[in-house]
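A.B. asks: Mapped onto the numbering used here, the consecutive letters of the sequence shown carry residue numbers 1296 to 1513. Don't be surprised by glycine CBs; every beta carbon is placed ideally from N, CA and C.
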Amino acid sequence: MFGRIARRYDIMNRLMTFGQDLYWRRLLLQKIALQQNGRMLDLGTGTGDIAGEALASGKTALCVGADFALEMMQVGRLRAAKRNVRWTGSDALRLPFAGGTFDAVTSGFLLRNVIDIDVALAEQHRVLRAGGRVACLDTTPPPDNWLRPLILLHFRLIIPLLGWLVTGQAAAYAYLPSTTEKFLQPEALQQKFAQAGFRNVGYQRLMLGTIALHWAEK
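The structure is reproduced here in structure tokens:
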């Protein structure tokens, strides 16, 4: 599915979020507070937007972008700002890295798509060094308030229509609202981080409560 939308994926992200995803990635990188010459792993890296932003900061000595959607990474490889990313095809549930390898682990819109969140978080905890930080962005079920019907209309109708117009793949963008509405509330995902052994766990809702930024420390 992701391979079919790879070339237009970033354009769709800009359109769906009204350009706010650029700000969210920078906010995520602030949460991991990567030090000079830090080693960072970006999971579900896709076209490498988070990894590229981290490299642009000048603090990363090593930035690994990992994903099993190889077509997405191939698109990212062609972009100059991301040429220094070390790309690797891997499963978020079985990471091919030794324990304590990284100072930070990031992900954008990954956890909603894995089949076992507990295993994914355990793997992230394993590959982090002691004191290392993790941060992730993901969609979250819209809050139960007066905006909810409008948000659901946007999710269920506008986004698939926009996806069809931009990528020719309406089904891929019907998948987004379907999985978002079934995903964990931020409070429940925060508990998952704590259960995986992380400390100083926190989260922040963004974009009318439809996006959540989570962060934690090992």
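So R1424 and D1398 are in contact, right, with Cβ under 8 Å, and what is the actual spacing, rounded?
C.D. replies: As a first step, residue 1424 is located in the sequence shown; it is residue number 129 there, counting from the start. As a first step, residue 1398 is located in the sequence shown; it is residue number 103 there, counting from the start. Contact holds; Cβ gap of about 6 Å.
A.B. asks: Who are the Cβ neighbours of M1307 in its own chain at under 8 Å, not counting the five residues just before and after it?
C.D. replies: Mapped onto the sequence shown, residue 1307 falls at position 12. Only I1300, L1457, G1458, V1461, T1462, Y1468 meet the Cβ criterion.
A.B. asks: Counting along the chain, where does the alpha helix (DSSP H) carrying R1389 start and finish?
C.D. replies: Here residue 1389 refers to the residue found at position 94 of the sequence shown. Note, R1389: premise wrong, no alpha helix (DSSP H); not H, not E.
A.B. asks: Does the segment 1325 to 1343 come within contact of the segment 1390 to 1410, defined as at least 3 CB pairs closer than 8 Å?
C.D. replies: With a cut-off of 8 Å, the segment 1390 to 1410 and the segment 1325 to 1343 count as touching, because enough Cβ pairs lie within range.
A.B. asks: Quick check: the Cα distance between Y1498 and W1510, rounded to an integer number of angstroms?
C.D. replies: Along the sequence shown, read from residue 1 onward, the residue named residue 1498 stands at position 203. Along the sequence shown, read from residue 1 onward, the residue named residue 1510 stands at position 215. Looking at the two C-alpha atoms, the distance is approximately 6 Å.
A.B. asks: By Cβ distance below 8 Å, which residues in the same chain neighbour A1349 in space, the five residues on each side in sequence not counted?
C.D. replies: Taking the sequence shown and counting its residues from 1, the one referred to as residue 1349 is at position 54. The residues are L1324, L1329, M1335, D1337, T1355, C1358, T1401.
A.B. asks: Would you mind sorting I1327 into buried or exposed? The rule is 16 or more other CB atoms within 10 Å of its CB.
C.D. replies: In the sequence shown, the residue the question calls residue 1327 occupies position 32. Classification for I1327: buried.
A.B. asks: So is W1441 buried or exposed if we call it buried at 16+ other beta carbons inside 10 Å?
C.D. replies: As a first step, residue 1441 is located in the sequence shown; it is residue number 146 there, counting from the start. Burial call: exposed.
A.B. asks: Which word fits K1477, buried or exposed, when buried means at least 16 other C-beta atoms lie within 10 angstroms of its C-beta?
C.D. replies: Taking the sequence shown and counting its residues from 1, the one referred to as residue 1477 is at position 182. It is exposed - the Cβ of K1477 has fewer than 16 other Cβ atoms within 10 Å.
A.B. asks: With burial defined as no fewer than 16 other Cβ atoms inside 10 Å of the residue's Cβ, what is the status of L1508: buried or exposed?
C.D. replies: Along the sequence shown, read from residue 1 onward, the residue named residue 1508 stands at position 213. So L1508 counts as buried.
A.B. asks: Please state whether DSSP places F1488 in a helix, a strand or coil.
C.D. replies: Against the sequence shown, residue 1488 aligns to sequence position 193. Helix, per DSSP.
A.B. asks: Which residue wins for smallest C-alpha separation from P1455, given the options L1317, I1446, P1472?
C.D. replies: Here the question's residue 1455 lines up with position 160 in the sequence shown. Among L1317, I1446, P1472, the Cα nearest to that of P1455 belongs to P1472.
A.B. asks: Looking at the unbroken beta strand (DSSP E) that takes in G1427, where does it start and where does it end?
C.D. replies: Walking along the sequence shown from the start, residue 1427 turns up at place 132. Looking at the DSSP string, the run of the beta strand (DSSP E) that includes G1427 is 1423 to 1434.
A.B. asks: Between the beta-carbon of R1372 and the beta-carbon of W1382, is there less than 9 Å?
C.D. replies: For this step, residue 1372 is matched to residue 77 along the sequence shown. For this step, residue 1382 is matched to residue 87 along the sequence shown. The answer is yes: Cβ separation under 9 Å.
A.B. asks: Less than 6 Å between C-beta atoms, sequence neighbours within five positions excluded: which residues of the same chain meet that for Q1419?
C.D. replies: Indexing the sequence shown from 1 puts residue 1419 at position 124. Excluding sequence neighbours, Q1419 sits near V1400, V1429.
A.B. asks: Specify, as a first and last residue, the run of the beta strand (DSSP E) that S1352 falls within.
C.D. replies: Here residue 1352 refers to the residue found at position 57 of the sequence shown. That residue, S1352, is in no beta strand (DSSP E); it is neither H nor E in DSSP.
A.B. asks: Can you give me the C-alpha to C-alpha distance between Q1331 and Y1470, rounded to a whole angstrom?
C.D. replies: Working through the sequence shown from its first residue, we reach residue 1331 at position 36. Working through the sequence shown from its first residue, we reach residue 1470 at position 175. Taking the straight line joining both Cα atoms gives about 39 Å.
A.B. asks: Determine the burial state of G1384: buried for a count of at least 16 other Cβ atoms within 10 Å of its Cβ, exposed for fewer.
C.D. replies: Stepping through the sequence shown from its first residue, residue 1384 is reached at position 89. The residue is exposed, with fewer than 16 neighbouring Cβ atoms inside 10 Å.
A.B. asks: Give me whichever residues DSSP pairs with Q1499 in a beta bridge.
C.D. replies: On the sequence shown, position 204 is the one that residue 1499 refers to. Bridge partners of Q1499: L1508.
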